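Since the structure comes first, as structure tokens, the remarks are kept for the end.
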Amino acid sequence: MPRARVVAVVGAGAAGLEAARELLREGHAVTVFERSDRVGGTWAYDPRADETDPLGAAVHGSLYASLRTNLPRELMGFSGHESLVGRVFAGDPRTFPGHQEVLAFLRAFAEESGVARRVSVISAQDGRRCRLVTPITAFAVGFNERRTSNAFTTSWSPATHLVDDSGMDGELLAAGGATYRAACPPSIVTQLDLDREPDLHTQGPRGNRAASNLAHSVWARLSPSGDPGSVTELRAEVLRASPPLGRRGEGGERWSVAWRGEDGEVAVEAFDAVVVCNGHCTVPLVPKLPGIDKWRGKQMHATITAFPSHFEIRINTRWLNVHQVDCIQDDGQVRFAEGAAVAADVILYCTGYRYHFPFLDLDELTVDDENRVGPLYKHVFPPKYAPNLSFVGLPVKTILFQSFELEAKWVARVLSGRAALPSEEGMLAAVREHYRRMEESGRPRRHTHALMPEWVEYMDWLAEQVGERRLEARRRDMYERALQRVWSLDGGYRDSCEDEEKGSGDSKV
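Using our numbering, you'd call the opening residue of the sequence shown number 29 and step up by one each time.
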């Protein structure tokens with residue numbers, strides 16, 4: 029008989045909303061944590077620019093005002109709620125709509141799927157109760173010996189807490205399209221870390237060492253001054269407020285989430301599982317160039333191109349076909365590996381992003397320097413912590429929305445017992461085999477979660493796990509045609525596709 033679990037979802041973007049829907053469909057109770065004051069994740073456009081942050085670390089999202097989707101709207105939706113096909117949500121019926129249309133769709137999806145009706149909201153501006161999210165102004169800190177000298181003091185205000193039920197059994201983390209350093213839910217600390225700090229077991233319900241079978245404890249972060257005294261005081265308060273935790277039948281270990289709300293009170297909830305859905309475009313990846321300290325020009329990350337006012341537009345007909353940057357010379361010129369050097373005004377890093385989960389503090393789950401999150405079985409379950417910890421939305425180079433849906437269905441069914449995972453060793457063996465094949469084929473580690481060219485096989489495998497049909501050939505061809513047009517660097521491909529559809533009378537919109 030399927031079992032209902034209490035699950036926390038981290039992130040209310042496309043992946044998080046779909047994860048919440050599938051968990052609810054499977055009979056689980058759901059709470060969604062979201063940093064911002066609205067749903068949508070990377071599609072929630074923020075027009076503000078931070079002039080003091082040209083490397084883009086503090087800017088949420090890389091959208092710009094005129095951005096349109098790379099994929100046709102038919103590929104951007106979920107089953108039973110057929111996305112943008114046949115409907116217009118924000119007045120943009122184009123095959124490749126602007127970002128406003130996608131955000132409006134996600135809001136409608138949250139309402140129509142029933143996810144929005146399961147949550148409560150407190151407006152960050154005036155404290156007025158409304159629907160959807162509850163801002164959290166500050167988080168508590170989970171300490172261990174490694175971090176005693178480096179307390180987390182970054183402010184995360186507001187955060188958003190979408191509530192379905194009061195008691196929680198599990199936490200689902202949905203990665204989705206993009207999140208940034210400011211989008212940090214509570215930090216998660218393992219029992220190994222708790223054992224390094226004995227006094228964590230001396231207060232409140234954890235005073236009994238029998239509670240040491242707790243495998244995961246979730247501690248949110250503290251915002252303000254970084255005063256060690258206040259941090260210690262808050263930690264003690266959290267411990268006093270925490271419910272007794274331990275094994276819960278077949279569900280295994282539970283997770284505890286604690287935070288301090290706007291009223292100054294510490295709140296704690298317990299969960300059976302966590303699903304992480306906070307994005308694959310997380311923190312701008314800025315390489316450290318040798319000699320960069322000599323650079324007197326401007327450094328920028330492509331994230332900041334969301335704000336065209338940062339640039340002077342200049343036409344330069346001379347193209348440089350170069351390889352990697354070797355260093356910044358003493359005279360400030362940029363030298364390339366083959367020996368050429370140029371005087372530049374700006375270094376613009378188009379180096380992408382790295383996965384970032386600062387709220388996870390797990391010894392056997394890492395994000396390495398090559399942006400590999402692992403070990404992860406099928407990009408979703410860390411073998412050591414499965415099934416109580418999972419990720420939805422890490423893979424790239426695939427039809428993202430459909431990938432979100434299949435991963436979320438798989439997680440929901442594993443948690444309910446309607447789908448089974450291999451043993452921990454079996455999952456680890458599969459991960460090692462994946463790494464071995466990558467190495468043999470010469471694929472770099474940084475492409476660990478890039479599914480191309482095996483993306484169809486991955487989607488079909490997920491579909492088999494949840495009893496769904498394999499990927500339709502029509503949708504596969506639609507996706508691959510769109511990618512070819514993107515790679516052609518033809519900036520007008522969206523409109524040319526629109527014209528082709530109108531000419532053939534085959535428009536889906």
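Quick reminder that beta carbons are idealized off the backbone N, C-alpha and C, glycines included.
Note that this is a predicted model, so its numbers are computed, not measured.
Report task. Quick one: grab the DSSP three-state call for residue 491. Result -> helix
Requested in this report: Assess, as a yes-or-no matter, whether the stretch 122-131 is touched by the stretch 54-71 under the definition of 3 or more beta carbon pairs within less than 8 Å.
Outcome: yes
Requested in this report: Classify residue 448 as buried or exposed, calling it buried when 16 or more other Cβ atoms lie within 10 Å of its own Cβ.
Outcome: exposed
Requested in this report: Could you tell me which uninterrupted alpha helix (DSSP H) segments, each at least 4 residues in length, are contained entirely in the stretch 85-135, listed from first to last along the chain?
Outcome: none
Query raised in the report: Can you name, in chain order, every residue of its own chain whose Cβ lies under 8 Å from the Cβ of residue 444, other than the five neighbours on each side?
Result: 30, 31, 32, 33, 54, 55, 56
**Report entry** Environment of residue 512 [buried if 16+ CB atoms lie within 10 Å]
**Finding:** exposed
Query raised in the report: Is residue 199 helix, strand or coil when you go by DSSP?
Result: Here the model assigns residue 199 a pLDDT of 40, short of 50, so the residue's position is not dependable and the matter cannot be decided.
Query raised in the report: Helix, strand or coil: which one does DSSP assign to residue 412?
Result: coil
Query raised in the report: With 16 other CB atoms within 10 Å as the buried threshold, where does residue 402 fall?
Result: buried
Query raised in the report: Just curious, the alpha helix (DSSP H) that residue 316 is in, first and last residue?
Result: Counting along the chain, residue 316 falls outside any alpha helix (DSSP H), and DSSP gives it neither H nor E.
Report task. Just the C-alpha distance for residue 501 and residue 423, rounded to the nearest angstrom, thanks. Result -> 20 Å
Query raised in the report: So, is residue 316 buried or exposed, given that buried needs 16 or more other C-beta atoms within 10 angstroms?
Result: exposed
Query raised in the report: Taking Cβ to Cβ, would you say residue 473 is nearer than 8 Å to residue 392?
Result: no
Requested in this report: Compute the Euclidean distance between the alpha carbons of residue 486 and residue 375, then round it to the nearest angstrom.
Outcome: 37 Å
Query - Spatial distance of residue 326 from residue 320 (CA atoms) - result: 11 Å
Query raised in the report: Between the stretch 302-312 and the stretch 37-54, do at least 3 Cβ pairs fall closer than 8 Å?
Result: yes
Report task. Please list, in chain order, all residues of the same chain as residue 357 whose beta carbon is under 7 Å from its beta carbon, the five residues on each side excluded. Result -> 319, 363, 369
Query raised in the report: Helix, strand or coil: which one does DSSP assign to residue 192?
Result: Low confidence applies to residue 192: its pLDDT is 30, below 50, so where it sits in the model is not reliable enough to give any reading.
Query raised in the report: What is the DSSP secondary structure of residue 137, counted as helix, strand or coil?
Result: helix
Query raised in the report: Under three-state DSSP, which class holds residue 524?
Result: helix
Report task. Could you check how far apart the C-beta atoms of residue 323 and residue 380 are, in whole angstroms? I think they sit under 8 Å. Result -> Going by Cβ atoms, the distance from residue 323 to residue 380 rounds to 21 Å, so no, they are not a contact pair.
Query raised in the report: Using a Cβ-Cβ cut-off of 6 Å (strictly less than) and excluding sequence neighbours within five positions of residue 73, which residues of its own chain qualify?
Result: 91, 127
Query raised in the report: In three-state DSSP terms, what is residue 32?
Result: coil
Requested in this report: May I ask you to list the residues that DSSP assigns as paired with residue 355?
Outcome: 363
Query raised in the report: What is the rounded straight-line gap between the Cα of residue 51 and the Cα of residue 442?
Result: 10 Å
Query - As assigned by DSSP and simplified to three states, the class of residue 402 - result: strand
**Report entry** Option nearest residue 499 by Cα separation, candidates 434, 390, 117
**Finding:** 434
Query - Inter-residue Cα distance where the pair is residue 406 and residue 48 - result: 20 Å
Query raised in the report: residue 458 to residue 514, Cα distance in whole Å?
Result: 33 Å
Query raised in the report: When you compare only the Cα positions, how much space is there between residue 35 and residue 518?
Result: 44 Å
Query raised in the report: Does DSSP classify residue 70 as helix, strand or coil?
Result: helix
**Report entry** Residue(s) in a DSSP beta bridge with residue 327
**Finding:** 375
Query raised in the report: Looking at C-alpha atoms only, which residue of 450, 430, 311, 453 is the closest neighbour of residue 383?
Result: 311
Requested in this report: Would you identify the three-state DSSP class for residue 419, choosing helix, strand or coil?
Outcome: strand
Query raised in the report: Is DSSP giving residue 518 helix, strand or coil here?
Result: coil
Query raised in the report: Starting from residue 304 and walking both ways along the beta strand (DSSP E), at which residues does that stretch end?
Result: 301-304
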